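A short write-up of the structure that comes next.
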Amino acid sequence: MKRILDPLDERIIAELRLNARAAHAELATKVNLSRNAVRQRIERLERDGVIQGYTVRTGEGAQASSNINAVIFVYRYDRMRGAEVLKALQAMPEVLQCDVMSGEFDLMLRVGAANPERVHKVWKEISALPGVENTVTSFVLSSVV
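This is the structure in structure tokens:
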């Protein structure tokens, strides 16, 4: 069952995307709720799986553990029954994002790794998954947004 978010939940999530370390009191001010109400909403969003974790993004000056990014487009043999592929991808820590696509590709993955060799290993793991027919991989040269 997919949870429908109300506008306050969406605003809290938007603020957490900007700063996952924001204090409840700071969020409360921004979304016009009490600190306790924000805390309860965040706990509910975590419990319901809407918020599944928090992450750290590092700047150019930092030694990042995921400083190589790639996009892998995946073709599945059967896009309507490929749930086992999705489950396997969710278990891979290098897969930062997985989107189900319309059109030519079935899935678009954003992969982060420490070096190109690790991206290659992840690609090999993905390519070997039962249900994966083909892949196309591109390395990210720069991020604008």
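Going by my numbering, the sequence shown opens with residue 27, and the numbers climb by one from there. All residues carry an ideal CB built from backbone N, CA and C; glycine is no exception. Note that the structure is a prediction, hence the values are computed from the model and not measured.
For Gly138, write down the residues that DSSP places opposite it in a beta bridge.
-> Beta-bridge partners assigned by DSSP to Gly138: Asn95.
Measure the alpha-carbon distance for Leu44 versus Lys113 and round it to whole angstroms.
-> Rounded to the nearest angstrom, the two C-alpha atoms are 28 angstroms apart.
Between which two residues does the beta strand (DSSP E) harbouring Glu159 extend?
-> In the DSSP assignment, Glu159 falls within the beta strand (DSSP E) that extends over Val158 to Phe165.
Alpha carbon to alpha carbon, how far is Tyr80 from Leu122?
-> Whole-angstrom Cα-Cα distance: 12 angstroms.
So is Asp104 buried or exposed if we call it buried at 16+ other beta carbons inside 10 Å?
-> Counting C-beta atoms within 10 angstroms of its own C-beta, Asp104 has fewer than 16 neighbours from the protein chains shown and is therefore classed as exposed.
Would you list the one or two residues that DSSP bridges to Leu133?
-> DSSP lists Val100 and Val126 as partners of Leu133.
Relative to the C-alpha of Leu31, which residue among Glu143, Leu133 and Asp74 is closest?
-> Nearest option by C-alpha distance: Asp74.
Alpha-carbon spacing of Ile172 relative to Arg65, whole angstroms = As displayed, the chain neither begins before 27 nor continues past 171, which places residue 172 out of reach and without an answer.
Of the residues Ala46, Ala140, Leu59 and Asn93, the one placed nearest Ser169, counting alpha carbons only = Checking every option, the nearest Cα to that of Ser169 belongs to Asn93.
Starting from the C-beta of Asp125, find all residues in its chain whose C-beta is less than 6 angstroms away, skip the five residues before and the five after it, and write them out in chain order.
-> So the list reads Met134, once near-sequence residues are dropped.
In terms of alpha-carbon separation, which member of Val100, Gly138 and Glu130 lies closest to Ala154?
-> When only C-alpha atoms are compared, the closest one is Val100.
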